[in-house]
Amino acid sequence: MRRGTITTLLTLAVSASMLAACGNDGGDDPTTEPTSDATTTAEPTDEPTTDEPTSDAPTDGTDVPSDEGADGPPFPADAADQSNEAFENALKLVDVRVAEHPEFDRLVLEFEGEGEPGWRVGYVEEAAREGSGEPITLDGDAILQVAATHVMPDDMTGYYDGPQQFDPDTEVIDDVFVDGAFEGYTTVFLGLDEVEVFRVFVLTEPSRLVVDVQDS
Numbered sequence: 001m002r003r004g005t006i007t008t009l010l011t012l013a014v015s016a017s018m019l020a021a022c023g024n025d026g027g028d029d030p031t032t033e034p035t036s037d038a039t040t041t042a043e044p045t046d047e048p049t050t051d052e053p054t055s056d057a058p059t060d061g062t063d064v065p066s067d068e069g070a071d072g073p074p075f076p077a078d079a080a081d082q083s084n085e086a087f088e089n090a091l092k093l094v095d096v097r098v099a100e101h102p103e104f105d106r107l108v109l110e111f112e113g114e115g116e117p118g119w120r121v122g123y124v125e126e127a128a129r130e131g132s133g134e135p136i137t138l139d140g141d142a143i144l145q146v147a148a149t150h151v152m153p154d155d156m157t158g159y160y161d162g163p164q165q166f167d168p169d170t171e172v173i174d175d176v177f178v179d180g181a182f183e184g185y186t187t188v189f190l191g192l193d194e195v196e197v198f199r200v201f202v203l204t205e206p207s208r209l210v211v212d213v214q215d216s
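Quick note on the numbering used here: the sequence shown kicks off at 1 and runs consecutively.
See below:
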């Protein structure tokens, strides 16, 4: 073979190799392994995203009313009746709860509606149903009558459907009887071991009547 022909063939081979190399650099090869930089940027971090709340995030307080830690007025010197009757707000009872505290037991009557209830709270010799006068039997030697005062709403849907009588298993309050609503009064009777000093106040959002019975 002539020297000119060999030179020409070598030149063509080199040119073909250079074109192939250029084609690989500019195209997308599906078998190409990702670079180390791409792998690093794709790794997730340990920081929480802004869409997911963390365990330390505070709640808005709407699930559970904050009556457990609420401070009321000072306890009075004696166990005299207390009243602040108000009948301008339409309210209906939705929950009754009792909790034990270091120096007192707390009764909370939670209402649905706008505004605050009034109250009439004092000791009675006997407990009886409003309207019918049917006697109520309670554990304990003293009976505290708690009456919230308010306007009766036209729609009673969602009214309290918990137990009518229950033992709260607390230090001072032995028995609870929820008498219900009658002519502007929502009445609850508490059975106690003995007459104790009590205080009454209201909380809002939601509307609640609170009665603390002191542990002597």
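Built from N, CA and C at the ideal position, the CB exists for glycine as well.
Review point. Quick one: is the Cβ of residue 170 within less than 7 Å of any heavy atom of the ligand MG?
Key: With respect to small molecules bound, the structure shown includes none, and the ligand MG cannot be examined in it.
Practice item. Following the continuous beta strand (DSSP E) through residue 190, name the residue where it begins and the one where it ends. Key: 185-192
Exercise for review: Round the Cβ separation of residue 96 and residue 162 to the nearest angstrom and send it over; I've been treating them as touching at under 8 Å.
Suggested key: 6 Å
Review point. Contact between the stretch 154-161 and the stretch 116-132: three or more CB pairs below 8 Å?
Key: no
Exercise for review: Specify, as a first and last residue, the run of the beta strand (DSSP E) that residue 123 falls within.
Suggested key: 118-124
Point to revise | DSSP three-state assignment for residue 174, whether helix, strand or coil | key: strand
Exercise for review: Leaving aside the five residues before and after residue 188 along the sequence, list all residues of the same chain whose C-beta is less than 6 Å from its C-beta, in chain order.
Suggested key: 146, 178
Check your understanding: Taking C-alpha atoms, which residue in 76, 124, 67, 78 lies nearest to residue 100?
Key -> 67
Practice item. Give the single residue among 194, 182, 183 whose Cα lies nearest to the Cα of residue 175. Key: 194
Practice item. Over the uninterrupted beta strand (DSSP E) stretch that includes residue 145, give me the two end residues. Key: 142-149
Practice item. Report the residue from 169, 125, 110, 200 whose alpha carbon sits nearest the alpha carbon of residue 214. Key: 200
**Study point:** Between the CA atoms of residue 74 and residue 152 - distance to the nearest angstrom
**Key:** 31 Å
Check your understanding: Can you name, in chain order, every residue of its own chain whose Cβ lies under 8 Å from the Cβ of residue 87, other than the five neighbours on each side?
Key -> 118, 149, 150, 151, 184
Check your understanding: Does the beta-carbon distance from residue 192 to residue 142 come in below 8 Å?
Key -> yes
Review point. Between which two residues does the beta strand (DSSP E) harbouring residue 99 extend?
Key: 92-100
Review point. To the nearest whole angstrom, what separates the beta carbons of residue 91 and residue 113, a pair I think is in contact under 8 Å?
Key: 4 Å
Exercise for review: Pick helix, strand or coil for residue 202, following the three-state DSSP scheme.
Suggested key: strand
Review point. Expressed to the nearest angstrom, what Euclidean distance is found between the alpha-carbon atoms of residue 138 and residue 190?
Key: 8 Å
Review point. Helix, strand or coil for residue 180 per DSSP?
Key: strand
Practice item. Take residue 165 and list the residues in its own chain whose beta-carbon comes closer than 6 Å to its own, dropping the five residues that flank it on each side. Key: 177
Exercise for review: Leaving out five residues on either side along the sequence, give the residues of the same chain with a beta carbon under 8 Å from the beta carbon of residue 167.
Suggested key: 139, 174, 175, 176
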